[in-house]
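The next block holds one structure in the form of structure tokens; read it before the comments.
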Amino acid sequence: MALDPATAPWWTRATVYQVYPRSFGDGDGDGVGDLRGVLAHLDHLEALGVEAVWLSPVYPSPMRDGGYDVADYQGVDPLFGTLADLDALIAALHARGMKLILDVVLNHTSDAHPWFQASRRSPDDPKRDWYWWRPPRPGFRGGEPGAEPTNWRGYFGGPAWTYDATADAYYLHLFDTSQPDLNWEHPPVRRALFEMLRWWLARGVDGFRMDVINLVSKDLPLRDAPDRGPDGLGNGFPFVESGPRIHEFLQELHREVLGSAGTVLLTVGEMLGVTPEQAVAFTDPERREVDMVFTFEHVTLDQAPGDKFDVRPLPLPLLKGTLARWQEALADRGWNSLYLGNHDQPRAVSRFGDDRPAWRERSAKALATVLHLHRGTPFVYQGEELGMPNHPFASLDAFQDVESTNYVRFARTLGLSDDAILARLNAKSRDHARTPVPWTAAPDGGFGSATPWLPLHPDHATFAADAQRADPHSVLHHYRRLIALRRALPVVALGGFRPIAPDHERLWAFERRLGDEALLVVANCSDADLPLAGTGVTVPYGAELLLGNLRPEDAPGDRGTLRGWEARVLRIEAGRDRAQGEGTTGDEPARTAMPLVDDLRRTVRTGGRRFTRDERNER
Ligand code: TEU
Numbered sequence: 197m198a199l200d201p202a203t204a205p206w207w208t209r210a211t212v213y214q215v216y217p218r219s220f221g222d223g224d225g226d227g228v229g230d231l232r233g234v235l236a237h238l239d240h241l242e243a244l245g246v247e248a249v250w251l252s253p254v255y256p257s258p259m260r261d262g263g264y265d266v267a268d269y270q271g272v273d274p275l276f277g278t279l280a281d282l283d284a285l286i287a288a289l290h291a292r293g294m295k296l297i298l299d300v301v302l303n304h305t306s307d308a309h310p311w312f313q314a315s316r317r318s319p320d321d322p323k324r325d326w327y328w329w330r331p332p333r334p335g336f337r338g339g340e341p342g343a344e345p346t347n348w349r350g351y352f353g354g355p356a357w358t359y360d361a362t363a364d365a366y367y368l369h370l371f372d373t374s375q376p377d378l379n380w381e382h383p384p385v386r387r388a389l390f391e392m393l394r395w396w397l398a399r400g401v402d403g404f405r406m407d408v409i410n411l412v413s414k415d416l417p418l419r420d421a422p423d424r425g426p427d428g429l430g431n432g433f434p435f436v437e438s439g440p441r442i443h444e445f446l447q448e449l450h451r452e453v454l455g456s457a458g459t460v461l462l463t464v465g466e467m468l469g470v471t472p473e474q475a476v477a478f479t480d481p482e483r484r485e486v487d488m489v490f491t492f493e494h495v496t497l498d499q500a501p502g503d504k505f506d507v508r509p510l511p512l513p514l515l516k517g518t519l520a521r522w523q524e525a526l527a528d529r530g531w532n533s534l535y536l537g538n539h540d541q542p543r544a545v546s547r548f549g550d551d552r553p554a555w556r557e558r559s560a561k562a563l564a565t566v567l568h569l570h571r572g573t574p575f576v577y578q579g580e581e582l583g584m585p586n587h588p589f590a591s592l593d594a595f596q597d598v599e600s601t602n603y604v605r606f607a608r609t610l611g612l613s614d615d616a617i618l619a620r621l622n623a624k625s626r627d628h629a630r631t632p633v634p635w636t637a638a639p640d641g642g643f644g645s646a647t648p649w650l651p652l653h654p655d656h657a658t659f660a661a662d663a664q665r666a667d668p669h670s671v672l673h674h675y676r677r678l679i680a681l682r683r684a685l686p687v688v689a690l691g692g693f694r695p696i697a698p699d700h701e702r703l704w705a706f707e708r709r710l711g712d713e714a715l716l717v718v719a720n721c722s723d724a725d726l727p728l729a730g731t732g733v734t735v736p737y738g739a740e741l742l743l744g745n746l747r748p749e750d751a752p753g754d755r756g757t758l759r760g761w762e763a764r765v766l767r768i769e770a771g772r773d774r775a776q777g778e779g780t781t782g783d784e785p786a787r788t789a790m791p792l793v794d795d796l797r798r799t800v801r802t803g804g805r806r807f808t809r810d811e812r813n814e815r
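Residue numbers (this note's numbering): 197 to 815.
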């Protein structure tokens with residue numbers, strides 16, 4: 197897309213930080229993070245340089261699914277504080293030049309929501325059609341095994357239908373039994389949701405992260421899936437992912453809601469099973485749907501089909517090739533989001549890097565370097581900027597997440613031993629992302645509660661935020677530099693992307709180019725030295741190191757060799773890069789730890805218009 201740095205929306209050069217409030221900071225010492233805990237750490241976010249905060253749900257909720265089971269869309273659960281606290285957070289973020297992206301769950305509510313309570317009461321209730329009610333399968337009685345109206349499996353395992361005795365009917369829930377799906381076919385549902393979204397805009401939120409938004413259009417009539425898995429259930433996902441009316445619904449939402457905002461919002465739709473080609477249609481600005489989508493493709497590569505906990509090795513060419521395909525598909529129209537972790541995924545450094553003590557810090561920086569030098573809007577998940585690893589859970593009863601506890605039951609029916617199940621959950625449970633953020637080395641990690649709802653990492657002192665703040669070579673400062681680089685350099689935000697050496701098993705390399713500005717990014721995704729000669733990477737004479745990830749005390753490789761998990765961002769001068777032979781390493785400094793990005797005025801000498809902080813889009 198020929199995006200002009202002068203007019204491109206603010207989010208093309210912004211980085212978004214995700215706060216999962218249960219685990220960020222505990223303001224009242226009850227063991228669960230809250231809004232006052234978020235307010236207490238705004239210095240951290242401002243120093244990091246993120247432009248927006250995506251806040252996971254804080255609505256009143258029975259908390260069967262961490263608050264993604266919403267009982268009231270227009271309030272705050274007492275566990276997290278009050279609506280006044282949320283208003284205060286919005287105001288405090290704005291005062292610091294940051295924005296708030298609200299997480300909205302529009303596909304389903306909690307079964308405790310008054311809409312569902314009314315709906316289940318009787319077939320004549322005005323809210324009856326707000327959800328998906330169906331009679332038992334013909335020939336079966338309600339509640340009998342096999343009586344479900346379709347054979348679908350839910351995303352958390354088990355049948356996607358539950359019999360409700362009060363209603364004397366089944367309701368559809370693609371997630372937990374306590375999360376009934378809303379019926380978007382029924383116009384009053386959409387009207388109510390859109391009115392609610394306008395209410396939040398009027399309260400000052402700057403955008404929406406839309407939970408599983410591409411599930412809201414179901415392929416009708418609801419019917420059985422052809423296949424059946426070992427649990428006897430069928431795969432109904434193809435009937436609900438990006439269904440027939442999804443584009444119509446999103447365009448209606450855009451028309452009815454987003455147009456009423458006074459500023460340029462950020463909207464990101466979380467989309468299951470979406471292809472890059474579909475993503476173009478969702479994010480092409482001319483179609484007015486969403487600004488970007490969260491794809492799951494790159495976070496489902498390390499698993500057996502249909503079972504995220506059945507972990508498979510992930511060859512580097514598959515991972516980088518997947519990201520490269522998304523870069524290419526959305527190069528001319530649409531926009532990518534970029535992420536390696538969130539509250540549903542294991543910790544990025546444990547999954548894609550190397551979390552052994554010798555490599556944790558450097559591999560976390562290498563992964564961040566690679567991701568943040570792609571084209572798109574990066575999302576940093578809380579703790580990722582500290583290089584937080586997975587939690588070493590010791591037993592199955594230590595897990596709290598509904599997806600994990602359901603999986604324990606399912607895996608036992610497959611005959612897996614408890615040890616095998618524990619190994620799977622220790623690789624993939626959503627709880628890894630949900631342990632408290634360590635702010636200090638104190639026993640409570642500075643989180644604010646003696647006994648937090650999930651335990652602190654036993655090694656939390658080694659990656660606590662305060663020590664990293666004091667250490668210019670920490671993972672934290674590396675993230676800060678990456679975020680600053682995107683904001684300063686149009687080639688990072690908007691430049692074209694070209695993969696290099698796509699089949700190399702250890703080297704992640706690519707080029708970015710905008711006009712006569714070009715960057716070369718190289719990262720060694722292994723713990724062994726990696727000579728560049730023969731890899732296809734050409735580092736031209738005059739290449740200038742913008743950012744590396746070694747510490748000053750680390751032994752540097754020679755110019756043509758990357759040390760274990762070393763990553764470099766090099767600026768190459770226009771016209772020089774193609775002229776040199778392979779393996780040339782030119783003037784590139786051997787020592788790569790210098791944080792040159794700290795003084796961009798010095799390092800960015802030639803051409804290339806720079807972004808300035810004031811370039812906000814107002815409409
Ligand atoms: O996630 C969508 C979703 O499908 C994830 O649950 C994902 O499939 C799974 O975690 C990967 O194993 C969203 C929210 O991010 C998640 O927290 C909610 O549980 C879910 O929707 C239901 O609202």
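All residues carry an ideal CB built from backbone N, CA and C; glycine is no exception.
All figures in this text were calculated on a predicted structure; none of them were measured in a lab.
Each residue's CA atom was taken as its position, placing Gly517 and Val489 some 18 Å apart. In the pairwise beta carbon analysis, the stretch 454-471 is classified as not touching the stretch 384-391: fewer than three pairs are separated by under 8 Å. Considered as a whole, the stretch 507-576 harbours 512-525, 544-548, 556-568 as its complete alpha helix (DSSP H) runs of no fewer than 4 residues, in chain order. Of the candidates Thr491, Val545, Glu701, the residue whose Cα lies closest to the Cα of Arg521 is Thr491. Excluding residues up to 5 positions away in sequence, Val212, Gln214, Ile297, Arg405 lie with their Cβ nearer than 6 Å to the Cβ of Trp250 in the same chain. For Val249, the secondary structure class from DSSP, reduced to helix, strand or coil, is strand. According to the DSSP secondary-structure assignment, Thr278 is paired through a beta bridge with no residue.
For Pro384, the enclosing alpha helix (DSSP H) stretches over residues 383-398. Here His587 is buried: its Cβ has 16 or more other Cβ atoms, across all protein chains shown, within 10 Å. In this structure Phe589 touches Leu621 by the C-beta definition: roughly 7 Å separates them, less than 8 Å.
With respect to the 7 Å criterion, Arg665 and Leu743 are not classified as neighbours on the basis of their beta carbons. The C-beta distance from Pro634 to Leu652 rounds to 6 Å, short enough to meet the 8 Å contact threshold. For the options Asp372, Val576, Trp329, the alpha carbon positioned closest to that of Val598 is the one of Asp372. The ligand TEU has a heavy atom closer than 6 Å to the beta-carbon of Tyr264. DSSP, reduced to helix, strand and coil, places Asp230 outside both helices and strands of the structure shown, so it counts as coil. In the DSSP annotation of this structure, the continuous segment of the alpha helix (DSSP H) that includes Ala663 starts and ends at 661-665. Sixteen is the threshold: when 16 or more other Cβ atoms of the shown chains lie within 10 Å of the Cβ of Gly221, as they do, the residue is buried.
Sequence-distant partners of Asp226 (beyond 5 residues in either direction) whose C-beta falls short of 7 Å from its own C-beta, in its chain, are Ser645. Within its own chain, the residues whose Cβ lies closer than 7 Å to the Cβ of Asp325, once the five positions on either side in sequence are excluded, are Asn379, His382, listed in chain order. For Phe505, the secondary structure class from DSSP, reduced to helix, strand or coil, is strand. In the structure shown, the three-state DSSP call for Tyr213 is strand. DSSP lists Pro695, Val717 as the beta-bridge partner residues of Phe706.
With a cutoff of 7 Å on beta-carbon distance, Pro698 and Phe706 are scored as not near each other. Rounded to whole angstroms, the Cβ separation of Thr757 and Asp723 is 14 Å, and the two are not in contact under 8 Å. Inclusion of Ala280 and Arg316 in the CB contact set at 7 Å is not warranted, their separation being larger than that value. Taking a C-beta distance under 7 Å as the contact criterion, Val576 and Gly530 do not qualify as a contact pair. Annotation: Thr734 to Ala714 spans about 13 Å, alpha carbon to alpha carbon. Take the alpha-carbon of Pro341 and the one of Pro334: they are about 13 Å apart. Less than 7 Å separates the beta-carbon of Ala248 from that of Lys295.
Contact annotation: Val234 and Pro253 have beta-carbon atoms that are not nearer than 7 Å. Residue environment analysis places Trp329 among the buried positions, since at least 16 neighbouring C-beta atoms fall within 10 angstroms of its C-beta.
The residues Gly338, Gly339, Tyr366, in chain order, have a CB closer than 6 Å to that of Tyr359 in the same chain once the five nearest residues on each side in sequence are set aside. Val272 and Leu282 have their C-alpha atoms some 8 Å from each other. For Leu534 against Trp207, the beta-carbon gap comes to about 12 Å, at or over 8 Å, which does not count as contact. Nearest to Leu449 by alpha-carbon distance, out of Lys323, Val412, Glu581, is Val412. Under the DSSP assignment, Asp299 falls in the beta strand (DSSP E) whose first and last residues are 295-300.
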